[in-house]
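These notes are about the structure you will find just below.
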Amino acid sequence: MHKEKVSLLVQYGAALLAAPVFSLLYVGFFQQKTEDLYWLLDDPESFFFLVLLYPVVEELTFRGVIQEYIAKKTVYRNLFLRLSVANLLTSLLFVLMHFVHHEPVWALLVIFPSLLFGYFKERFEIVTPSIILHMFYNLTFFSFAGN
């Protein structure tokens, strides 16, 4: 396996491992208690929407359509930490969308996973890894923080 592919897979693994860390930090700083970790398993409808449907719809929309569109309209540049202009602008829109249904602190903190989702969409050149990552982030977040 080529060295760059191995590096990318290691980065992806680290991003997966970061999901519970982000979730626990959020709960530790901004919530009084964690939910029953298994509540999602007892609520199949919430599991379907929060862990399966929303990540697919959001990633296809934000990474598959919006980020692709911006990337085609801008010159590709790595800005900070190999983040593109398209990823940064898409992530800002992603954060703004989360202000609609979530508290401001939570919506602002969405910037970090959003940048990761966009980064891996660009590196793998397909949206599937971003969808999987987003599903895992939602699974860990909603398991710890609740609905």
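The numbering of the sequence shown is the working numbering, which starts it at 2 and goes up by one.
All C-beta atoms in this analysis are idealised placements derived from N, C-alpha and C, irrespective of residue type, glycine included.
Keep in mind that this is a model prediction, so the values were computed, not measured.
Output needed for residue i: all residues of its chain with C-beta closer than 6 Å, excluding positions within five of it in sequence on either side, in chain order.
i, result
"Thr141", "Ala20, Pro21, Ser24"
"Phe63", "Thr91, Phe95"
Confirm, please, whether the CB-CB distance from residue j to residue i is below 8 Å.
i, j, result
"Ser85", "Glu123", "yes"
"Ser92", "Ile112", "yes"
"Phe81", "Tyr13", "no"
"Ala87", "His99", "no"
"Phe50", "Leu42", "no"
"Met136", "Val76", "no"
For residue i, which option in the options has the closest C-alpha, if you only look at C-alpha atoms?
i, options, result
"Val172", "Val76, Gly119, Tyr77, Phe81", "Not covered by the structure: residue 172. The range shown for the chain is 2 to 148."
"Phe30", "Leu110, Ser131, Leu82, Met136", "Leu110"
"Pro114", "His103, Tyr138, Glu126", "Tyr138"
"Ser131", "Lys73, Tyr27, His99, Leu61", "Leu61"
"Phe134", "Ser8, Tyr55, Pro105, Lys4", "Residue 134 is actually Leu in this sequence, not Phe. With distances taken between Cα atoms, Leu134 lies closest to Tyr55."
"Val149", "Met136, Phe48, Ala146, Phe125", "What the structure shows of the chain is the stretch from 2 to 148, and residue 149 is not part of that stretch, so it cannot be assessed."
Could you confirm whether any beta carbon from chain C is found closer than 8 Å to the beta carbon of residue i?
i, result
"Leu53", "The chain labelled as chain C is not found in the depicted structure, where only one protein chain is given."
Under the rule that 16 or more other beta-carbon atoms within 10 Å means buried, what is residue i, buried or exposed?
i, result
"Val128", "buried"
"Glu104", "exposed"
"Leu10", "exposed"
Which residues in the same chain as residue i place their Cβ atom closer than 8 Å to its Cβ, once the five residues preceding and following it in sequence are excluded?
i, result
"Val106", "Phe31"
Who are the near neighbours of residue i in its chain, counting only those whose CB is closer than 7 Å to its CB and skipping five residues on each side?
i, result
"Val57", "Ile132"
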